[in-house]
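Heads up: the structure comes next, in structure tokens.
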Amino acid sequence: DGEEVQYVEYSPLLYARMGFLFRQNEDGTLSLFDKYGQVIYETMPGNLVLLAARDKHDHPVFMQDNKYLYFNEAARAFQPSSYDPSKDDRGLVYDYPSHFGKSDTDHIVKVYTDGTVGYAYASNPIKLIASGYQKAYAPHEGFVLLAGKNGRLSIRSVEKLHVPLFTSYSLYLPATNGAESMGYFYFDSGLMRCRLKVIHNNKTTSDEEIILTDKGAIFFLPAGYTVLSYSDGVFLLEKDGLYGYYSHTGNWITAPVYTYAKPFHEGLAVCGYRNGKKCVIDTDGTFQIPLYFDEITSCSGGILCGYSHDTGWSVLQKTKLS
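Note that the working numbering has the sequence shown beginning at 350, numbered continuously upward.
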């Protein structure tokens, strides 16, 4: 009748979070399954909540009655977790994989003193080199990020902790820490999203995002595009309602032709067309799942859930985790 068709974001009946599978039941309750599809709860207790966090052992953290828990697969039971939000913060509050925010070196260690945090060399952990910060993120690709009370960043080399790097920039933590901030906190394939602020007479005169290289230069993206995420070495970019994926190498891996796209998770990204078919690609732009499903959830713990109007729901599992 000439009426405009509005796209409504789909609410999946099946979805994966941090390697667990959830099913939305008709009565509004949730069923909880492990990554192998084995039932944990046919009806999940209403006060049991999966947090967007992991403890130091990489266990996804649940909360129940103000207590932190993890699911012990061997015992098939929830048990107390060692999770400490002040020490186990990896930057994002999101469905991140277990390797995200983990140190890739044993050369330096994090040290807490008098309500602040810093880094020291593992060979002499008593001698703090970079100290007095509010946040310290795990070393990755040879660098660590430390943040002061006002969110301003200090970037240090793992090899030269005493030397602040890239000091010509006034860099800050992102304003938010959800999916929209994927690509901050750590270098990934030599690049990192950063918030650049200019403050004059205690007033912020400029607040913008830059892409910083591990050499201290600015990495330029195609003009006019908005960065929606950066993960697995790939930017998700948007312009005029069209989405494409742009590699850290400076090349499009898929042209900006899609009207629906999600960030890369564990080496896979869901994209396609609103009110149309969706597919899954890898970081080379190769189709791993063709344009078949009407809806697909992002990969989590190697699990994806796809829905087809013709065949219903399917649970898909990667044969190799990244």
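The C-beta atom is built at its ideal place from N, Cα and C for all residues, glycine as well. Note that the structure is predicted; figures quoted are calculated from it, not measured.
Residues near residue i by beta carbon distance below 6 Å, same chain, minus five either side
i, result
"S663", "G655"
"F568", "L540, I560, T562"
"K484", "A496"
Contact set for residue i: own chain, Cβ-Cβ below 7 Å, skip 5 residues either direction
i, result
"F536", "H489, E490, F492, D563"
"S657", "Y641, F642, D643"
"S649", "A365, R366, M367, G368, D444, H614"
"G500", "Y521, L522"
"D414", "N396"
Residue i (DSSP reduced to helix, strand or coil)
i, result
"S530", "helix"
"P571", "coil"
"F515", "coil"
"P639", "strand"
"S647", "coil"
"E490", "coil"
"F536", "coil"
"H549", "strand"
"A469", "strand"
"P612", "coil"
"G593", "strand"
"K588", "strand"
"Y622", "coil"
"D563", "coil"
With 16 other Cβ atoms within 10 Å as the buried cut-off, status of residue i
i, result
"P409", "buried"
"I602", "buried"
"E557", "exposed"
"R403", "buried"
"V388", "exposed"
"A496", "buried"
"S555", "exposed"
"K552", "exposed"
"A528", "buried"
"F636", "exposed"
"A542", "Inspection of the sequence shows that residue 542 is occupied by Arg rather than by Ala. Buried, because 16 or more other Cβ atoms sit within 10 Å of the Cβ of R542."
Residue i and residue j closer than 8 Å at C-beta
i, j, result
"S517", "I548", "no"
"K416", "D437", "no"
"K476", "Y468", "no"
"V583", "Y595", "yes"
"C620", "Y592", "yes"
"T575", "E587", "yes"
"T608", "G634", "no"
"G651", "T632", "no"
"H456", "V512", "no"
"M531", "S578", "yes"
Contact with chain E by residue i, beta-carbon distance below 8 Å
i, result
"I478", "This model lacks chain E altogether, as it is built from one protein chain only."
Whole-angstrom distance between residue j and residue i, CA atom to CA atom
i, j, result
"S430", "L418", "5 Å"
"D433", "R439", "11 Å"
"A423", "D383", "12 Å"
"S503", "L381", "41 Å"
"Y482", "K509", "17 Å"
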